[in-house]
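Input: a single structure, listed below in C-alpha cells.
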Amino acid sequence: MSEYSRRRLFVAAFALAGVSAIGCGESCSCEGPRPEPADVTIYVVRHAEKQQLPEDAPEAARKDPPLSREGQLRAMGLTEDVPVRDIDAVYVTKTKRSKDTASAVVALNSVELITYPPQDTDGLVERLRRRHGQQVLVVGHSNTIPLLLKGLGVPEAVEIDEAQYGDMWVVTLHGETATVETRRFGESVERFDPGR
Numbered sequence: 003m004s005e006y007s008r009r010r011l012f013v014a015a016f017a018l019a020g021v022s023a024i025g026c027g028e029s030c031s032c033e034g035p036r037p038e039p040a041d042v043t044i045y046v047v048r049h050a051e052k053q054q055l056p057e058d059a060p061e062a063a064r065k066d067p068p069l070s071r072e073g074q075l076r077a078m079g080l081t082e083d084v085p086v087r088d089i090d091a092v093y094v095t096k097t098k099r100s101k102d103t104a105s106a107v108v109a110l111n112s113v114e115l116i117t118y119p120p121q122d123t124d125g126l127v128e129r130l131r132r133r134h135g136q137q138v139l140v141v142g143h144s145n146t147i148p149l150l151l152k153g154l155g156v157p158e159a160v161e162i163d164e165a166q167y168g169d170m171w172v173v174t175l176h177g178e179t180a181t182v183e184t185r186r187f188g189e190s191v192e193r194f195d196p197g198r
C-alpha cells in the first residue's frame, strides 16, 4: 500500500470515528422517541401508636419506645390498606416503632427493609423518584413526613399533631409532577380486638 493510500485510509477512519463520537445530535430521531418514565406510587404513613413509658423507664427505652397494643393492631391493619403483594420496597427509620409498623407488610411480602436517615429528606426523595413503575411504602414520623411530602412535590402543606395516627398519603409521581390522595389505615383491625 502506498503512502498516499495509507493517509487516505487514516483520514477516512479518523472521520468515521469523529462522526460516531459526535452522533447525530438532539434533532436526530435515530433512537426513536424516549418513553416517559413510569409512575411511582408511594404510600407514606406515620408509625402507629407508640407505647407510653413511665418517667422512671430507662432513657434508651423512652427515646425509642415500641408500639402500644393499639399501635400493633394498627400495624396489622396496614396490610389491608396497601397492596401488600405489589410493594417493591419498604423504607423505615432505625426506630422500633417505624420498623414494627412495617413488620406485618414485610412478613407477608418478604421484601427487605431499607433504613433511611430521617434528616436526609433530599436523599430519600431522590431514591424514591428513581423507582420508576414501582410501589413503595415509607414509614416516617410526625416531624419528617411534612418535609418528605413537600420534597415529593405535594403542594398542600401538611401538619401532623403528636396524637394523630392512622393517616396515609398516597403520592403518585408522574415525572416531575405529583398527585396525592389522603386515606386512613389500620382501622379494620383496630376495631377487631380479640383481647377485649
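Positions 3 to 198 (my numbering) are the ones given, in order, by the sequence shown.
We put the CB at the ideal spot given by N, CA and C, even for glycine.
Only a predicted model underlies this, so the values are computations on that prediction, with no experimental measurement involved.
Quiz item: In three-state DSSP terms, what is D90?
Solution: The answer is strand: DSSP assigns D90 an E or B state.
Exercise. Taking all protein chains shown into account, decide if E128 is buried (16 or more other Cβ within 10 angstroms of its Cβ) or exposed.
Key: By the neighbour-count criterion, in which a residue is buried when 16 or more other Cβ atoms sit within 10 angstroms of its Cβ, E128 is exposed.
Practice problem: Check whether the Cβ of G177 lies closer than 8 Å to any heavy atom of the ligand COA, and answer yes or no. | Solution: Among the components of this structure there are no ligands whatsoever, and the ligand COA is therefore not found.
Quiz item: In whole angstroms, what separates the C-alpha of E226 from that of E51?
Solution: Because the chain in this structure spans residues 3 to 198, residue 226 falls outside the shown range and cannot be described.
Self-check item: Same chain only: Cβ atoms within 7 Å of L115, ignoring 5 sequence neighbours per side
Solution: Taken in chain order, the residues that qualify are V92, V94, K101, A104 and V108.
Self-check item: DSSP three-state assignment for S29, whether helix, strand or coil
Solution: Residue placement at S29 is flagged as unreliable, the pLDDT there being 48, under the threshold of 50; a coordinate-derived value is accordingly withheld.
Quiz prompt | Beta-carbon proximity list for V84, same chain, < 7 Å, skipping 5 on both sides | solution = Answer for V84: Y45, V107 and L139, listed in chain order.
Quiz item: Can you give the Cα-Cα distance for A63 and R99, rounded to whole angstroms?
Solution: Distance between the alpha carbons of A63 and R99 is about 11 Å.
Practice problem: Could you tell me whether the Cβ atoms of R87 and F187 are closer together than 9 Å? | Solution: Result no, Cβ atoms of R87 and F187 do not sit closer than 9 Å.
Quiz item: Taking the C-alpha atoms as reference points, what is the distance between T43 and P67?
Solution: Each residue's alpha carbon lies about 29 Å from the other.
Self-check item: Straight-line gap, L2 to Q54 (C-alpha atoms, nearest Å)
Solution: Residue 2 falls outside the range modelled here, since the chain spans only 3 to 198, and no answer is possible.
Exercise. Go through its chain and collect everything with a Cβ distance to V160's Cβ below 6 Å, but skip five positions before and after it.
Key: These residues qualify, in order along the chain: P148 and L151.
Quiz item: With a CB to CB cut of under 7 Å and the five nearest residues on each side skipped, what residues in its chain are close to I24?
Solution: A caution first: I24 carries a pLDDT of 42, below 50, which makes its placement in the model unreliable, though a value can still be read off. Excluding sequence neighbours, I24 sits near nothing in its chain.
Practice problem: Report yes if the CB atom of G240 is closer than 9 Å to the CB atom of T184, and no otherwise. | Solution: Look at the range of the chain in this structure, 3 to 198, and you will see that residue 240 is not part of it.
Self-check item: Rounded straight-line distance, which links the Cα of V182 to that of P39
Solution: C-alpha separation (whole angstroms): 18 Å.
Quiz item: Taking DSSP as the reference, what is the three-state secondary structure of L130?
Solution: Note: L130 maps to helix in three-state DSSP.
Quiz prompt | Cβ shell of Q74 (< 8 Å), same chain only, five flanking positions each side left out | solution = If we look at Q74 and ignore the five residues flanking it on each side, its Cβ neighbours are A50 and D102.
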